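Going by numbering that gives the first Met the number 0, the residue at position 411 of the sequence shown is 410; the numbering climbs one at a time, nothing skipped.
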Amino acid sequence: MKSFYITTPIYYVNDKPHIGHAYTTILADVLARFHRLLGVPTHFLTGTDEHGQKVQNAAAKHGITPIEHCDQTVVHFQRLWERLGITNDDFIRTTQQRHITVVQKALQDLYDKGLIYKTSYKGWYCVGDERFFTEKDLKNGRCPECGRMVEEIEESSYNFRMGNYQEQLIKYIEDHPKFIQPDHFRNETLGFLRKGKLEDLCISRPKRRLSWGIELPFDKDYVTYVWFDALVNYISAVGYLSDDETFKKWWPVNYHLIGKDILTTHSVYWPTMLMGMGVELPQTIFAHGWWLTNDEKMSKSLGNVINPMDMIDKYGVDAFRYYLIAAMSLGQDANFTEKLFNTRYNAELANDLGNLVSRALTMLDRFNGGFVPEVTIDEDEASATLRKLCKEAVDTTPVNIDNMKLDTALATIMNAVREANKYWTDQQPWVLAKEGKKEELALVIRNSLECLRLVSGLLYPVMPTKMTEIRRALGIAEEAIAPDYARLQNWFGLKVGAKTTVPPPLFVKVKYEEPPTESLPPPAKKAKKEVAPVEMPPCTIEDVGKVQLKTAEVIAAEPVPETTKLLKLQLKLGDEQRQIVSGIAQWYKPEELIGKTIVVIANLKPATLRGVESNGMLLAAKAGNTLRLVTIDGDLPSGATIG
Ligand code: MSP
0 MKSFYITTPI
10 YYVNDKPHIG
20 HAYTTILADV
30 LARFHRLLGV
40 PTHFLTGTDE
50 HGQKVQNAAA
60 KHGITPIEHC
70 DQTVVHFQRL
80 WERLGITNDD
90 FIRTTQQRHI
100 TVVQKALQDL
110 YDKGLIYKTS
120 YKGWYCVGDE
130 RFFTEKDLKN
140 GRCPECGRMV
150 EEIEESSYNF
160 RMGNYQEQLI
170 KYIEDHPKFI
180 QPDHFRNETL
190 GFLRKGKLED
200 LCISRPKRRL
210 SWGIELPFDK
220 DYVTYVWFDA
230 LVNYISAVGY
240 LSDDETFKKW
250 WPVNYHLIGK
260 DILTTHSVYW
270 PTMLMGMGVE
280 LPQTIFAHGW
290 WLTNDEKMSK
300 SLGNVINPMD
310 MIDKYGVDAF
320 RYYLIAAMSL
330 GQDANFTEKL
340 FNTRYNAELA
350 NDLGNLVSRA
360 LTMLDRFNGG
370 FVPEVTIDED
380 EASATLRKLC
390 KEAVDTTPVN
400 IDNMKLDTAL
410 ATIMNAVREA
420 NKYWTDQQPW
430 VLAKEGKKEE
440 LALVIRNSLE
450 CLRLVSGLLY
460 PVMPTKMTEI
470 RRALGIAEEA
480 IAPDYARLQN
490 WFGLKVGAKT
500 TVPPPLFVKV
510 KYEEPPTESL
520 PPPAKKAKKE
530 VAPVEMPPCT
540 IEDVGKVQLK
550 TAEVIAAEPV
560 PETTKLLKLQ
570 LKLGDEQRQI
580 VSGIAQWYKP
590 EELIGKTIVV
600 IANLKPATLR
610 GVESNGMLLA
620 AKAGNTLRLV
630 TIDGDLPSGA
640 TIG
């Protein structure tokens, strides 16, 4: 790999950073640090998305200008990144002139090529929600979101010919399996692109409604749609149209890391924009899942948002970074609870790793004044096993990182640590010391220290501060404190005679206290979740015959207002059309469902959920926090019977 360029989404400044923002940024940091460790020139970009209606409104609410609002809030992100040890090489703000210039140049270029055109749009506008609705969206002639009166507005806007690139993009995704990762998000994008005509994208907002944006270079009455502006940050920050050499050095980006909530903008809007500009596409757009609390998406309205600062204050930055990386399988959702964090912290960091450091260095201090001993006898079988597991950790870590299996990488490394503790207990070095078996004792201590040298090197990208402490305590020279992968491949890498020290406890155990009961989820809900399907009584073929399953095509989907979990789906079952309500909003965005052929219980008695009628139930499979819809293997028309 000649270079490594990685980005995070640029975060909205109207919000304070929470665990979700911290996660993507830590993940990018770990990958950037790991590539630096491999000796690959690395560029890591993050930043903030500062234009748009929400910022304009928030500023107005506080009686300040939008840029004052941005200047005040951006520091929350910058301070948190500093606290979390984030080593970004650049921080882009979309209000910086370097970005604005590039967005305007890119827009002018697309306009000159005829890829942006003026058109007019007619729709029903809700002033409260600042959104357009179509006639059929309206509820009794009013806004479907807030119930206010709407007004019919016809206005001109500018569209980007996104639809031109539909076939080209499908082909590109098919030909480049790594372009959108993991595979289920690749399939989701392909499904979206194949299901119907890809529409053009409106890229303007009239200034009389929204002035806080980048002015269109060819019409001063409009500003740029915030996504069209924001996505360009990935190239404006690395010299696109301003510094060819820098741009050539870093582009195409290796990874755009994103959360799954912003997949379509990155996997459809962005590539088509780049195609229009004639710029090479990113190597990989990688979407991760959500951090949930008690299986629900974190949101301000639910009051379940985890503030990273609280966790850092209690457990320290490195432990927080470790847990986030260890506990999420990339691509899947994961639950964050302090209890789970606390358990792993105490077991893996305080016990396994912390103990190994303190027992090996304390023994060396007593036995040899803390000086790294020379090994003068042959390796025994137990030492060979330890060395083998350490080697496995060293060899597989780059492969796991390359495959974005960071949780597996950490598990393999921690496996070596556990083996070293077992080795220590089995070899009983305190007995060897008592019996005066100096050579054997030196071997046990040295092997344990070498294991710590490798492990601290491999874990350095995840826990840079604590691993630096370990490496200093091991007597590693200052210039080699930041590890280098080539050196991690040698077993006896410590310098004989180097002076080690016994550091203060690295990870002090934390006792977990249950929060006061009123903040626990209501017990009724808990009881419901604990019903395990395996405990169901056996059923007969007659029971099964009572359920009529059919295939159904999703033709429309939208959230049920004022709920976080429910979606209202319009389904086609052969000639029949019906509506069902389903609690899948955490896992599927409405637009992802359209065009899917799913399986429904067609003869379920109608029910009303949150005031909305539901005629049937869809089938979905759930494992842990992941839910996927049951679909059909191959093509079948809707309304087909299943049995
Ligand atoms: N400004 C846009 C992105 C523009 S990129 C050209 C935006 N910003 S955001 O502030 O809402 O941040 C979204 C990102 O934050 C997600 O894509 C994800 O990376 C992260 N997360 C926000 N909530 C999250 C969780 N609950 N869990 C994990 N990450 C999530 O969208």
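All C-beta atoms, glycine included, are put in the ideal place defined by N, C-alpha and C.
Only a predicted model underlies this, so the values are computations on that prediction, with no experimental measurement involved.
**Report entry** Nearest-angstrom Cα separation, counted from ILE99 out to GLU187
**Finding:** 32 Å
**Report entry** C-alpha distance - ALA58 paired with TYR321, whole-angstrom precision
**Finding:** 37 Å
Query raised in the report: In terms of DSSP beta bridges, what is ASP89 paired with?
Result: LEU44
Query - Reduced DSSP secondary structure (H/G/I, E/B, other) of HIS183 - result: helix
**Report entry** Endpoints, alpha helix (DSSP H) assigned at GLY695
**Finding:** No answer is possible for residue 695: the residues shown for the chain start at 0 and end at 642.
Query raised in the report: Are HIS50 and VAL304 closer than 8 Å when you measure CB to CB?
Result: no
Requested in this report: Evaluate contact between the region 289–302 and the region 215–231, counting only Cβ atoms and requiring at least three cross-stretch pairs below 8 Å.
Outcome: no
Query raised in the report: Nearest CA to the CA of ILE169: which residue from ASN354, PHE191 and LEU626?
Result: PHE191
Query raised in the report: Got a sec: does the ligand MSP put a non-hydrogen atom nearer than 7 Å to the Cβ of LYS564?
Result: no
Query raised in the report: What do you reckon, is the C-beta of PRO216 under 7 Å from a heavy atom of the ligand MSP?
Result: no
**Report entry** C-beta contact flag for GLU468 and LEU505 at 8 Å
**Finding:** yes
Query - Proximity of VAL553 and GLY594 at Cβ, strictly below 8 Å - result: yes
Query raised in the report: If you measure from the CB of THR23, is any heavy atom of the ligand MSP nearer than 7 Å?
Result: yes
Query raised in the report: If you run the structure through DSSP and keep just helix, strand and coil, what is ASN341?
Result: helix
**Report entry** Where SER447 falls, given that 16 or more other Cβ within 10 Å makes a residue buried
**Finding:** buried
Query raised in the report: Any idea what DSSP makes of GLU198, helix, strand or coil?
Result: coil
Query raised in the report: Using the beta-carbon count (16 or more within 10 Å), is ASP228 buried or exposed?
Result: buried
Query raised in the report: For TYR22, which residues from the same chain have a beta carbon less than 7 Å from its beta carbon, with the 5 sequence-adjacent residues on both sides left out?
Result: TRP290 and LEU323
Requested in this report: Give the secondary structure of GLU214 by DSSP, where H, G and I count as helix, E and B as strand, and everything else as coil.
Outcome: strand
Query raised in the report: What's the C-alpha gap between ARG695 and VAL29?
Result: With the chain covering only 0 through 642, there is no way to say anything about residue 695.
Query raised in the report: According to DSSP, is CYS142 helix, strand or coil?
Result: coil
Query raised in the report: Can we count ASP377 as close to the ligand HEM, meaning its CB is less than 7 Å from some heavy atom?
Result: In the structure on display, the ligand HEM does not appear, and the ligands it does have are the ligand MSP.
Query - Residues that HIS287 bridges to, as DSSP identifies them - result: GLY258
Query raised in the report: Is the Cβ-Cβ distance between THR550 and THR625 less than 8 Å?
Result: no
Requested in this report: Identify the continuous beta strand (DSSP E) that holds ILE99 and give its terminal residues.
Outcome: Careful: ILE99 lies outside any beta strand (DSSP E), inside the alpha helix (DSSP H) at 96–111.
Query raised in the report: Is it right to say HIS175 is buried, meaning 16 or more other beta carbons lie within 10 angstroms of its own, or is it exposed?
Result: exposed
Requested in this report: Look up MET148 in the DSSP assignment and say whether it is helix, strand or coil.
Outcome: strand
Query raised in the report: So the alpha helix (DSSP H) ARG452 belongs to, where does it begin and stop?
Result: 437–457
Report task. For ALA601, I'd like the list of residues in its chain whose CB is within less than 6 Å of its CB, leaving aside the five on either flank, ordered along the chain. Result -> GLN547, LYS549 and GLY615
Requested in this report: Pick helix, strand or coil for LYS1, following the three-state DSSP scheme.
Outcome: coil
Query - Between the CA atoms of ALA286 and LEU26 - distance to the nearest angstrom - result: 12 Å
**Report entry** Own chain partners of GLN426 with C-beta closer than 6 Å, once the 5 adjacent residues on each side are dropped
**Finding:** VAL443
Query - First and last residue of the uninterrupted alpha helix (DSSP H) at ILE115 - result: Per DSSP, ILE115 belongs to no alpha helix (DSSP H); it is in the beta strand (DSSP E), 115–125.
Query - Contact set for ASP364: own chain, Cβ-Cβ below 7 Å, skip 5 residues either direction - result: VAL501
Query raised in the report: Using the C-alpha atoms, what's the distance from LEU109 back to PHE33?
Result: 38 Å
Query - Short Cβ contact (8 Å threshold) for PRO181 with GLY330 - result: yes
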